[in-house]
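*Asks:* Chains as they are written, first to last, in full-length UniProt numbering: chain Z, 1 to 383; chain W, 1 to 383. Ideal Cβ placement from N, Cα and C applies to all residues, glycine included.
Number of protein chains: 2
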Amino acid sequence: MVGMRDVAREAGVSTSTVSLVVNGNGYVSAAMAERVSQAMKRLNYVPNELARNFSRNETDLVGVIIPTIRHPFFATLTASLQSALYEQGMRTVLCSTADVDQDVSQYVDMLRRRAMDGIIMGAHAVYPADYWSSIERPIVAFDRFLGGSIPSVGSDHSQGGHLAASLFAHTGAHHVVEIGGPRTLYQTASGPRSVSLGNIQIAGQTTFPPIRYHLAFEQRLQQTGIHYDYIEIENVAQMEQFRNAAHLAFERYPDLDAIVAPDLAAAFCVQEAFRRGRAIPGDLQIIAYDGSYVSDLAGLKLTSILQDFDGIANALARQLLQAIPGRVYRAPDATQRQAGQEGTGLNGARPGSVPGSELIPMSVKLGESTRWEGSIEDLLSSE
Amino acid sequence: MVGMRDVAREAGVSTSTVSLVVNGNGYVSAAMAERVSQAMKRLNYVPNELARNFSRNETDLVGVIIPTIRHPFFATLTASLQSALYEQGMRTVLCSTADVDQDVSQYVDMLRRRAMDGIIMGAHAVYPADYWSSIERPIVAFDRFLGGSIPSVGSDHSQGGHLAASLFAHTGAHHVVEIGGPRTLYQTASGPRSVSLGNIQIAGQTTFPPIRYHLAFEQRLQQTGIHYDYIEIENVAQMEQFRNAAHLAFERYPDLDAIVAPDLAAAFCVQEAFRRGRAIPGDLQIIAYDGSYVSDLAGLKLTSILQDFDGIANALARQLLQAIPGRVYRAPDATQRQAGQEGTGLNGARPGSVPGSELIPMSVKLGESTRWEGSIEDLLSSE
DNA sequence: CTGTTAGCGCTTTCAA
DNA sequence: TTGAAAGCGCTAACAG
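(1) Taking all protein chains shown into account, decide if residue 291/W is buried (16 or more other Cβ within 10 angstroms of its Cβ) or exposed.
(2) Helix, strand or coil: which one does DSSP assign to residue 385/Z?
(3) With distances taken between CB atoms, is the gap from residue 84/Z to residue 331/Z smaller than 7 Å?
(4) Classify residue 324/W as helix, strand or coil using the three-state DSSP reduction.
(5) Helix, strand or coil: which one does DSSP assign to residue 175/W?
(6) Is DSSP giving residue 68/W helix, strand or coil here?
(7) Counting pairs of beta carbons, one from the region 65-84 of chain W and one from the region 30-42 of chain W, are three or more of them closer than 8 Å?
(8) Going by C-alpha distance, which of 326/W, 254/W, 165/W is nearest residue 212/W?
(9) Run through chain W and tell me which residues come within less than 7 Å of residue 384/Z, C-beta to C-beta.
(10) Using a Cβ-Cβ cut-off of 7 Å, state whether residue 370/Z counts as contacting chain W.
(11) My output table needs one value for residue 5/W: the three-state DSSP class, helix, strand or coil.
(12) With a floor of 4 residues, list each alpha helix (DSSP H) that falls wholly inside the region 109-160 of chain W, ordered by position along the chain.
(13) Quick check: what's the CA-CA separation for residue 307/W versus residue 234/W?
(14) Measuring only the C-alpha atoms, how far is residue 375/Z from residue 302/Z?
(15) What residue range is occupied by the uninterrupted alpha helix (DSSP H) comprising residue 246/Z?
(16) Counting only beta-carbon atoms, is residue 290/W nearer than 7 Å to chain Z?
(17) So is residue 209/Z buried or exposed if we call it buried at 16+ other beta carbons inside 10 Å?
(18) Closer than 6 Å by C-beta to residue 148/W: which residues in its own chain qualify, once you throw out the five before and the five after it? Chain order, please.
(19) Would you tell me roughly how many angstroms separate the C-alpha atoms of residue 360/W and residue 144/W, rounded to the nearest one?
(20) Just the Cα atoms here: how many angstroms apart are residue 5/W and residue 58/Z?
(21) Is the Cβ of residue 297/Z closer than 7 Å to any Cβ of chain W?
(22) Got a sec: is the Cβ-Cβ distance from residue 94/Z to anything in chain W below 7 Å?
(23) Can you tell which of 286/Z, 311/Z, 315/Z has its C-alpha closest to the C-alpha of residue 365/Z?
(24) Pick out the complete alpha helix (DSSP H) segments inside the UniProt domain "HTH cro/C1-type" (4-46) of chain Z, 4 residues or longer, and give them in chain order.
(25) Could you pull out every residue in the same chain whose Cβ sits closer than 7 Å to the Cβ of residue 329/W, ignoring the five residues on either side in sequence?
(26) Looking at residue 231/W and residue 369/W, is the spacing between their C-beta atoms short of 7 Å?
(27) Say the cut is 6 Å; is the CB of residue 150/W nearer than that to a heavy atom of the ligand COA?
(28) Which residues of the region 97-112 of chain W have a Cβ closer than 8 Å to any Cβ of chain Z? Give them in chain order.
(29) Suppose contacts are defined by Cβ-Cβ distances below 7 Å. Is residue 39/W in contact with residue 11/W by that definition?
(30) Distance check for residue 93/Z and residue 86/W, CA to CA, integer angstroms please.
(31) For residue 366/Z, name the three-state secondary structure that DSSP assigns.
(32) Closer than 8 Å is the cut-off here; do at least three beta carbon pairs connect the region 248-256 of chain W with the region 162-176 of chain W?
(33) Please state the DSSP three-state secondary structure of residue 378/W.
(34) Under 7 Å between C-beta atoms, does residue 239/W make it to chain Z?
(35) Examine chain Z for any beta-carbon lying closer than 7 Å to the beta-carbon of residue 54/W, and answer yes or no.
(36) Can you tell me whether residue 1/W is buried or exposed, with buried defined as 16 or more other CB within 10 angstroms of its CB?
The following block contains the structure:
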């Protein structure tokens with residue numbers, strides 16, 4: 001293997017000069033640089049990144065922990081993340097826990113051993129807050145609060161919940177069924193505390209922010225007196241559960257006339273509706289929550305509450321880069337920033353109460369599965 | 001940072017002994033091992049993987065190059081790949097070219113610089129064969145032939161094409177429309193050679209094996225005298241194109257009564273059909289090719305030609321590991337091997353003509369979008 | 001601007 | 001079974 005010394009010898013310079021040329025940082029005269037470049041070319045020199053990593057004590061690798069890359073939501077988010085990270089000179093190590101049937105700890109250990117420069121944590125895990133804080137390496141959480149000083153980024157789900165409920169409230173829904181994640185995640189940041197799904201309104205943070213969508217949703221429905229029920233999906237990584245939940249919704253609540261569900265579940269609901277001869281949106285309205293491409297495939301264009309995947313990804317990348325010592329976050333082009341926006345943008349971001357946390361605004365894309373004829377602005381102004 | 005020397009000092013042994021204990025390979029007395037372990041615990045020692053990588057000249061990282069992780073097909077494949085690689089002690093670096101708007105060469109350079117131990121190449125690239133062979137580092141291709149000695153793994157698409165055509169032939173289709181990838185990839189392994197889509201039958205390899213599906217499909221249809229047309233998708237990474245292709249199929253060929261299409265396109269075809277009041281499968285039959293979960297979401301259960309994602313992933317992982325010097329491939333449990341099998345398994349794998357190449361058998365899952373009432377065995381035995 | 005030099009933390013012969 | 005020691009290839013002071 002031809003190394004720097006060889007190049008240095010060939011060019012008649014020292015290794016440090018070669019290093020400067022390769023990395024293009026320090027001051028090297030043009031002549032010298034040229035001479036070295038020629039030597040590199042002659043010898044077919046390829047820098048050894050392992051040695052470089054070892055020396056710098058960095059890998060430029062970021063672990064992206066998610067439940068499964070199969071799921072369109074996480075696939076879409078991961079695509080945005082990979083792009084945002086790439087712009088910052090970082091590469092993505094895929095860490096989908098359900099796909100490899102592994103605990104999160106495997107990947108955290110890689111972080112500890114410095115195999116990665118940081119981690120974006122977007123999967124469920126059972127560790128107490130001090131597990132995370134004791135790691136003392138760059139970690140940023142997606143849609144969850146891990147512990148004291150670990151930043152968190154996620155969509156503004158209270159806004160999303162409010163939007164969904166408003167749509168139903170203004171289109172004369174009577175019985176809404178919501179399909180969503182496990183209730184065991186209904187906990188406050190101050191410790192595990194189970195929360196009734198009844199009439200209460202939570203103060204403070206939940207450890208699992210998407211739950212705020214449910215709460216806002218519920219609250220808004222109650223204003224209008226719409227009856228609603230909840231169907232729980234235990235494991236987001238198992239697609240079967242989305243189908244089962246959809247089936248259950250129709251079996252258990254024959255009089256339902258409105259559904260909000262993660263778009264995978266929403267797609268199955270469409271199928272159930274077709275099969276049972278329920279007309280959409282005349283007889284039954286459906287809102288897909290998340291807004292991955294699946295909401296476009298489901299037999300008709302679903303109205304959906306969109307997450308701003310690129311916005312989330314950029315925020316995550318920024319938070320992570322800021323947590324890596326010696327790194328600076330370079331903002332992407334303005335043109336790129338807007339790429340994720342589709343449909344109607346709403347409120348600006350509001351800071352969460354956890355340090356470094358960010359809420360990314362959501363938006364609505366009206367499709368064929370709801371009855372609202374006007375614009376979203378119309379809807380909101382009539383609130 | 002506490003390193004091996006510290007542990008060695010604490011335990012009163014040499015660093016090499018500590019190394020042996022950490023890696024659990026050499027011969028160390030139980031007492032000594034225990035003493036060292038205690039010391040590690042006391043000092044909270046965490047091995048530095050960068051130093052290890054540097055020393056071993058390995059990273060245990062594999063780059064998975066695909067067009068986009070957004071696409072359900074590649075997401076599913078990547079999930080299987082990640083699992084297969086994890087079992088071999090390798091981690092996955094996500095390299096989706098369209099998501100980061102980068103050329104394949106960026107990732108190949110990483111391979112050259114030893115930032116990864118190998119690459120699985122599943123995206124389109126324009127380089128000549130000698131580009132790939134000159135790299136002289138572990139590379140395995142998915143569904144394409146790159147160059148002389150680079151192994152290739154992919155589904156047996158001629159089988160898939162034959163299956164699809166047989167289904168149509170036996171259910172009285174008259175006008176079949178096929179939606180598929182770019183025709184410019186219709187090249188033989190012996191060099192770029194464009195191939196008419198007319199009546200000819202190709203001898204030899206195409207550089208892009210999925211094309212064989214088209215050829216087999218066409219050939220089988222001709223036996224029955226079924227009229228057919230082809231609609232081309234230029235860029236697989238752009239989902240819009242799938243929708244457009246679906247729309248185009250109905251506009252251009254109003255009398256079509258059968259469609260084969262990648263499942264994303266198939267899903268949009270269902271939507272078009274609904275919108276136009278075409279009854280499925282009575283009036284129009286649809287076969288989804290690939291068989292990712294999308295074929296279950298599309299408003300009804302689509303009949304699909306399935307790729308064996310786990311089978312493909314295991315073969316890719318095996319080929320790659322065998323190409324990495326000093327690595328041995330350990331076969332996964334029998335239970336895991338079958339995980340990917342769904343529907344009806346068919347012919348066994350047939351070796352391709354390129355060294356190290358493998359063809360993974362495909363299968364059929366009958367859904368609601370075709371009219372065949374019997375089993376697949378019935379269908380094939382009536383051939 | 002360029003060269004000298006001292007590591008980075010671990011693996012791996014080779015001796016003892 | 002354990003220890004001593006020589007790197008692995010590059011970076012980054014520091015000196016010139």
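*Replies:* In short, the structure shows the following:
(1) buried
(2) Because residue 385/Z is not part of the residues shown, which for chain Z are 1 to 383, the question remains open.
(3) no
(4) coil
(5) strand
(6) coil
(7) no
(8) 165/W
(9) This structure does not reach residue 384/Z, given that chain Z is present from 1 up to 383, and the question cannot be answered.
(10) no
(11) helix
(12) 129-133
(13) 22 Å
(14) 15 Å
(15) 239-252
(16) no
(17) buried
(18) 133
(19) 13 Å
(20) 21 Å
(21) yes
(22) yes
(23) 286/Z
(24) 4-11, 15-23, 30-43
(25) 88, 318, 321, 322
(26) no
(27) As far as ligands go, the structure on display features none, and thus does not contain the ligand COA.
(28) 99, 100, 101, 102, 110, 112
(29) yes
(30) 12 Å
(31) coil
(32) yes
(33) helix
(34) yes
(35) yes
(36) exposed
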